[in-house]
Amino acid sequence: DVCQGDTVTITVTVDNLSCGDAGEFDVRVYYDDTSHIIGTQTVAGLPGCEYTVLTFTWDTDHVPSGEHDILVCVDTGHDVSELNENNNCLTIETDLLVRPNTPYVEVEKLAVDTDGGTVQAGDTIRYEVTIWNYGCDDLEDNPGHEFTDPLPAGMDATGQVTETSGVAALDGDTIVWDGSIPSGGYVVIKYTVDLSLDLEIDDQICNQGTVHWDSDGNGTNDATTRTDDPTTDTEGDSTCLTIDVPVGPLPLSGTIDAPTLSEWGMILASCLFALAFAWHVIRQRRAVAA
Numbered sequence: 153d154v155c156q157g158d159t160v161t162i163t164v165t166v167d168n169l170s171c172g173d174a175g176e177f178d179v180r181v182y183y184d185d186t187s188h189i190i191g192t193q194t195v196a197g198l199p200g201c202e203y204t205v206l207t208f209t210w211d212t213d214h215v216p217s218g219e220h221d222i223l224v225c226v227d228t229g230h231d232v233s234e235l236n237e238n239n240n241c242l243t244i245e246t247d248l249l250v251r252p253n254t255p256y257v258e259v260e261k262l263a264v265d266t267d268g269g270t271v272q273a274g275d276t277i278r279y280e281v282t283i284w285n286y287g288c289d290d291l292e293d294n295p296g297h298e299f300t301d302p303l304p305a306g307m308d309a310t311g312q313v314t315e316t317s318g319v320a321a322l323d324g325d326t327i328v329w330d331g332s333i334p335s336g337g338y339v340v341i342k343y344t345v346d347l348s349l350d351l352e353i354d355d356q357i358c359n360q361g362t363v364h365w366d367s368d369g370n371g372t373n374d375a376t377t378r379t380d381d382p383t384t385d386t387e388g389d390s391t392c393l394t395i396d397v398p399v400g401p402l403p404l405s406g407t408i409d410a411p412t413l414s415e416w417g418m419i420l421a422s423c424l425f426a427l428a429f430a431w432h433v434i435r436q437r438r439a440v441a442a
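Counting from 1, position 168 in the sequence shown corresponds to residue 320 in the working numbering; the numbering is continuous, with no gaps.
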């Protein structure tokens, strides 16, 4: 990646894969699409099975910040006769990130249930906010907070707030952070809340923090960026929690066996049977003796 105003060097290799010689043709380099031209060079000719290497320089001074594709097209005027005229353009696989000469902020907010499992009333939730500065200028600690996150009804802050730099704190029902982030740096802010016991199943609680930053370097935080939930595909969305059905003990299943005699029960029963048999024999002997 580069900062706006930096010069990018682009090297293009053109191969003539046929055995026939190619006459004069042009090579053009664009960014994003053919309406944004970087440069044009003319190749006087290219023998069969040979190649040529061209170098282009790109001044990104007036290029919009963000990711850009690099597109190379050969023989745009179709001056060289070919079997296939539809394969003369190539998009370079690696996107080029042009960073602005100001802060460029992205921020994510992740919710973690510290109790594990599904979200229940009374659970403790840890929020993890990561703020990145992808710009080529530092995000300064200006008057006012650089991050604010008001807590909605249904949750109460525990007072546990940590940060990797700057100062984070609880201001009433709002999490605030003050500090600076160098170009290419980031800060992580963590804080915990307790969900209200009055919440019911399917109740949803959403909230979203805001980064306040200076977009023009005049010492005033005039720009804002809202937090994004990284667990969804939607960009810039709130981080939401939904109260789920409590998970109870698993129901018992299977067959019920009739009670059986234990090992000691079998011994006792055997002894009783043996005693009963012995008593029966003794009675018979007494009867014979009489």
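Just so you know, even glycine gets a beta-carbon here, dropped at the ideal spot from N, CA and C.
Burial state of residue i (16 or more Cβ within 10 Å)
i	result
Glu219	exposed
Asp275	buried
Met418	Note that Met418 scores a pLDDT of 45, beneath 50, so its modelled location is shaky; the value from the coordinates is reported in the next line. Met418 is exposed by the Cβ-count criterion.
Asp153	exposed
His230	exposed
Trp431	Because the pLDDT at Trp431 is just 40, under 50, the model does not fix this residue reliably, and the value given afterwards should be weighed accordingly. Exposed, since its Cβ has fewer than 16 Cβ neighbours within 10 Å.
Thr379	buried
Ala320	buried
Ala174	buried
Asp381	buried
Asp213	exposed
Asn370	exposed
Thr254	buried
Thr443	Residue 443 lies beyond the range of the chain shown here (153 to 442); nothing can be said about it.
Ile283	buried
Gly157	exposed
Thr159	exposed
Check whether residue i and residue j have beta carbons under 8 angstroms apart
i	j	result
Val264	Arg278	yes
Asp247	Asp178	no
Glu271	Leu349	Looking at the sequence itself, residue 271 is Val, so the reference to Glu does not match. Their beta carbons are not under 8 angstroms apart, which means Val271 does not touch Leu349 by this criterion.
Thr377	Lys342	no
Gly318	Val345	no
Val205	Val181	no
Cys241	Leu223	yes
Thr300	Val328	yes
Thr161	Thr209	yes
Gly311	Leu322	yes
Asp374	Ser332	no
Glu298	Asp267	no
Asp396	Ile353	yes
Minimum C-alpha distance to residue i - residue among the options
i	options	result
Thr243	Phe208, Asp290, Tyr183	Tyr183
Glu336	Tyr286, Leu223, Asn168, Glu176	Going by the sequence as given, residue 336 is Gly instead of Glu. The option with the nearest alpha carbon to Gly336 is Tyr286.
Gly191	Asp211, Gly172, Asp173, Val205	Asp211
Tyr256	Glu292, Asn168, Val397	Glu292
Ser233	Ser170, Leu351, Gly331, Pro252	Ser170
Pro295	Thr372, Thr316, Leu322, Thr254	Thr372
Asn239	Thr383, Asp368, Pro398, Val166	Val166
Pro304	Gly268, Asp355, Gly388, Gly269	Asp355
Asp325	Asn359, Asp185, Thr386	Asn359
Cys155	Ile395, Asp221, Pro302, Ser217	Ser217
Ile189	Asn168, Cys225, Pro302, Gly197	Cys225
Glu202	Ile353, Asp185, Val215, Gly172	Gly172
Val250	His364, Cys288, Ala273	Cys288
Gly197	Asp389, Asn168, Thr383, Pro334	Asn168
Thr186	Thr384, Pro199, Thr159, Asp221	Asp221
Asp366	Gly388, Thr386, Pro302, Pro252	Pro252
Pro398	Thr386, Ala273, Leu347, Pro302	Ala273
Thr383	Leu347, His364, Glu280, Leu351	Glu280
Pro302	Ile357, Gly269, Pro334, Thr316	Ile357
Test: residue i CB closer than 8 angstroms to a CB of chain D
i	result
Thr384	This model lacks chain D altogether; it includes just one protein chain.
Residues bridged to residue i (per DSSP)
i	result
Cys155	Arg251
Thr376	His364
Leu347	Met307
Asn359	Thr391
Ile341	Val281, Glu315
Ala244	Position check: residue 244 holds Ile in this sequence, whereas Ala was assumed. Looking at the DSSP assignment, Ile244 forms no beta bridge with any residue, so it has no partner.
Ile333	Leu291
Ile162	Phe208
Asp167	Tyr203
Val179	Gln193, Val226
Can you check the stretch 293–328 for any beta strand (DSSP E) of at least 3 residues that lies completely inside it and give the ranges in chain order? Correct list: 299–302, 307–315, 319–323.
Give, in chain order, every unbroken run of the alpha helix (DSSP H) that is at least 4 residues long and sits entirely within the stretch 251–295. Qualifying alpha helix (DSSP H) stretches: none in this window.
Minimum length 3: unbroken beta strand (DSSP E) runs contained in the stretch 181–242: With a minimum length of 3 residues, the continuous beta strand (DSSP E) runs that stay inside the stretch 181–242 are 189–195, 203–211, 218–220, 222–226.
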